[in-house]
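Colleague: Counting from 4, one number per residue, gives the positions in the sequence shown under this note's numbering.
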Amino acid sequence: MDGSRLLPAAAGAVRAAIRLAGGREVCFVCTVDADGMVATARVVARGDASSVLALPGFAKAGELLLHNHPSGDLTPSEPDLQVAARLHDTGVGFAITDNDASRLYVVVEVPAPKVLVPLDLAAIDADLG
């Protein structure tokens, strides 16, 4: 559990947004590079000292939804786990950080994109007779 997966620009953006929110929970949509590093973070919601909205549609497939736990305890709550499972089904990862963006706990990795293979209609026709 370290923040080494947060690139400096993303970590700085996260720290600044949390500071501007008075240390309360903040939810971010992040992009992740090919190495799994969090490259960018943009604020999508601000909450209170113990919760923040994580609404469907904030992030799209291939992105990461990130929020902070002001307590510094990065253990996912039951609601965190429920959101993470729902997001994974839409191709979105989920992670938790501390207010300093110095530690990162990835609950669910950003799923690999699904590769679509076109059907060979001639082969199917031949198989079905």
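Using N, Cα and C, we set each Cβ at its ideal position, and we do this for glycine too.
1) In chain order, what residues of the same chain have a beta carbon less than 8 Å from the beta carbon of Gly26, not counting five sequence neighbours either side?
2) Would DSSP call His70 helix, strand or coil?
3) Straight-line CA distance for Ala13 to Leu131?
4) Rounded to whole angstroms, what is the Cα-Cα separation between Gly94 and Val41?
5) Whose C-alpha, out of Thr34, Val118, Pro114 and Ala129, is nearest the C-alpha of Leu90?
Modeller: By the coordinates alone:
1) Ala52, Pro73 and Asn102
2) strand
3) 53 Å
4) 16 Å
5) Pro114
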